[in-house]
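Working notes for the structure below.
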Amino acid sequence: MVVTGFDDRSGCGYVLATGPDVASADAGTQRVTHDGVTITATPELAAGLRDALLAGRSAQLVLGGPPVPLNLDDRTLLGWLRFCVGGVLSVMNGPE
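Just so you know, we're using full-length UniProt numbering here: the sequence shown kicks off at 1 and counts up by one.
Shown next as structure tokens:
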């Protein structure tokens, strides 16, 4: 999965790649590993994600849904990006 987005709060664009798309990640991205899963993200998003994982944050998979522990699963990452990071995002090769 590849997600591109714009975080309105920080005024910063970002790219995140998971699964097979990690191999073709853009230069300048950083790797984030958690529970044996590795993703790549632009530096600002990678730092925010690392902080959220270390703090044991949760994410919602759907608006108003129950919180689930934040991890690097595609669905959970999308929920975190949509409902915690916010802003506009575009998803390619995402979960069905």
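The beta carbon of each residue, even a glycine, is placed where N, CA and C say it ideally should be. No experiment lies behind these values; they were computed from the predicted model shown.
If you draw a straight line from the Cα of arginine 82 to the Cα of leucine 89, it comes to about 8 Å. Between threonine 42 and glycine 28, the C-beta gap is smaller than 8 Å, which places the two residues in contact. With a beta-carbon spacing of about 4 Å, alanine 25 and threonine 40 fall inside the 8 Å limit used to define contacts. If you ignore the 5 residues before and after leucine 63, its C-beta comes within less than 7 Å of the C-beta of Phe83, all in its own chain and listed in chain order. Residue state for leucine 63 is assigned as coil, using DSSP reduced to three classes.
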